Amino acid sequence: MTANLPATKSVEVNGTRLHYVELGSDNKQSVVFVHGAVADYRIWQGQIEPFSHHYRVIAYSRRHNYPNEFQEGFQYTADNDGITQFASDLAELIRNLNLAPAHLVGHSDGGFTTLLSACKNPELVGSLVLGEPPAIPLVFKSNDKKDVQLAQALVDNVLKPAGEAMAKGDFEKGVRIFIDGVMSKGFFDQLPPPVRTSMVSNAPGFLKQLPNPMPSGLSVNDLDRASLVPTLFVRGELSPEFFQRATEIIKSRMKRSEEVFIEGATHELGIMTQPQTFNSKVLEFLQKN
Numbered sequence: 075m076t077a078n079l080p081a082t083k084s085v086e087v088n089g090t091r092l093h094y095v096e097l098g099s100d101n102k103q104s105v106v107f108v109h110g111a112v113a114d115y116r117i118w119q120g121q122i123e124p125f126s127h128h129y130r131v132i133a134y135s136r137r138h139n140y141p142n143e144f145q146e147g148f149q150y151t152a153d154n155d156g157i158t159q160f161a162s163d164l165a166e167l168i169r170n171l172n173l174a175p176a177h178l179v180g181h182s183d184g185g186f187t188t189l190l191s192a193c194k195n196p197e198l199v200g201s202l203v204l205g206e207p208p209a210i211p212l213v214f215k216s217n218d219k220k221d222v223q224l225a226q227a228l229v230d231n232v233l234k235p236a237g238e239a240m241a242k243g244d245f246e247k248g249v250r251i252f253i254d255g256v257m258s259k260g261f262f263d264q265l266p267p268p269v270r271t272s273m274v275s276n277a278p279g280f281l282k283q284l285p286n287p288m289p290s291g292l293s294v295n296d297l298d299r300a301s302l303v304p305t306l307f308v309r310g311e312l313s314p315e316f317f318q319r320a321t322e323i324i325k326s327r328m329k330r331s332e333e334v335f336i337e338g339a340t341h342e343l344g345i346m347t348q349p350q351t352f353n354s355k356v357l358e359f360l361q362k363n
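Remember, the working numbering sits 74 above the position in the sequence shown when you count from 1.
Listed below in structure tokens is the structure:
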């Protein structure tokens with residue numbers, strides 16, 4: 075998966091060392107790619123080189139994900155859940171590498187990470203590209219009962235059984251349940267073997283986050299600090315309904331937003347399967363901002 079990528083570098087961030095790859099001139103605006111669950115910087119291999127023609131590109135791996143150290147003693151808490159910690163790490167990475175104001179491109183809970191980081195540190199962000207952030211707390215707080223049912227179904231039918239399988243040591247089964255649940259049935263087994271292997275290797279980080287995955291107290295009002303940041307929502311035509319509703323709830327608070335749909339794509343959004351389509355739509359947005 076890394077044959078065409080630059081060698082990794084690392085930076086000290088909030089008591090851990092995060093690995094990243096960098097490509098493009100230091101004199102250009104920066105684009106930071108933020109991966110989602112059971113992934114790492116390698117998921118962006120179809121974006122790093124094309125985007126580097128226009129930007130200084132950084133693709134990093136979040137804490138506990140390949141090739142970073144897995145910190146056995148570190149625990150997420152209700153006050154410092156997974157997304158809150160990732161958002162803080164992202165802000166420190168931007169500061170330490172002198173990237174601000176950076177364009178942030180986040181997929182899935184990497185999108186939730188970038189959104190929360192922008193809410194807490196809007197001065198660090200030039201624009202946001204949000205690939206279907208799974209903002210479970212916001213969907214649970216919706217006044218629409220169907221939204222609450224969608225969020226509960228994701229927890230009951232995907233997150234809980236995936237975590238139970240991983241807790242028993244069957245990481246491949248857990249990842250299959252998770253990926254098929256957020257993408258489409260059979261999606262995991264259709265992926266190339268190196269991608270499946272990489273996802274399974276990142277499953278322990280997912281399991282560690284699962285007891286306190288997201289800021290449960292977050293409300294739509296908390297999004298207002300980032301509401302003026304230019305934002306592109308990238309959506310999959312075939313994505314599960316939960317992700318469509320989560321995106322719509324967030325989008326309703328973002329005053330300078332637009333959206334694009336990736337035809338034929340589910341929650342993967344074409345990042346691996348349709349990189350030229352994904353790249354062209356995102357680059358068009360970035361070049362306006």
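From the three backbone atoms N, C-alpha and C, an ideal C-beta is built for every residue, glycine too. Predicted, not measured: the structure shown is a model, and the values here were computed from it.
Other residues of its chain near residue i: CB distance less than 8 Å, five sequence neighbours each side excluded
i	result
Q159	N88, R137 and Y150
E197	A174 and P175
Backbone CA spacing between residue i and residue j [nearest angstrom]
i	j	result
E358	M328	19 Å
Q223	A111	22 Å
P207	A113	15 Å
A161	A81	25 Å
I210	F125	30 Å
L201	K102	For clarity, residue 201 is Ser in the given sequence; the question names Leu instead. If I take the Cα positions, the gap works out to 15 Å.
Q121	T347	12 Å
G248	A236	4 Å
E311	R169	35 Å
V356	V203	7 Å
A225	Q119	31 Å
L292	Q318	19 Å
G344	F352	6 Å
S70	L178	Since the first and last residues shown for the chain are 75 and 363, residue 70 lies out of range.
T271	E146	21 Å
N142	I117	15 Å
F261	A339	11 Å
Sub-8 Å separation of residue i and residue j beta-carbons
i	j	result
P278	F144	yes
V303	V199	yes
V269	H341	no
A241	L212	no
V105	V131	yes
Y115	Y94	yes
N276	Y140	yes
E333	L306	yes
S216	I323	yes
I253	M273	yes
L360	L284	no
Proximity to residue i [Cα-Cα], best of the options
i	options	result
G156	D254, G184, M346 and K234	G184
A133	L164, D153, F148 and G147	L164
S191	R299, S290 and G98	R299
D221	F316, E96 and P285	F316
N363	L297, S331 and L228	S331
S182	K83, A152, T321 and N78	T321
Contacting residues, own chain, Cβ-Cβ under 7 Å from residue i (five flanking each side not counted)
i	result
T187	V108, I157, F160, A161, L164 and G180
L171	V85 and I132
Worksheet entry | alpha helix (DSSP H) runs wholly inside the stretch 259 to 291, at least 4 long, in chain order | 261 to 264, 267 to 275 and 277 to 283
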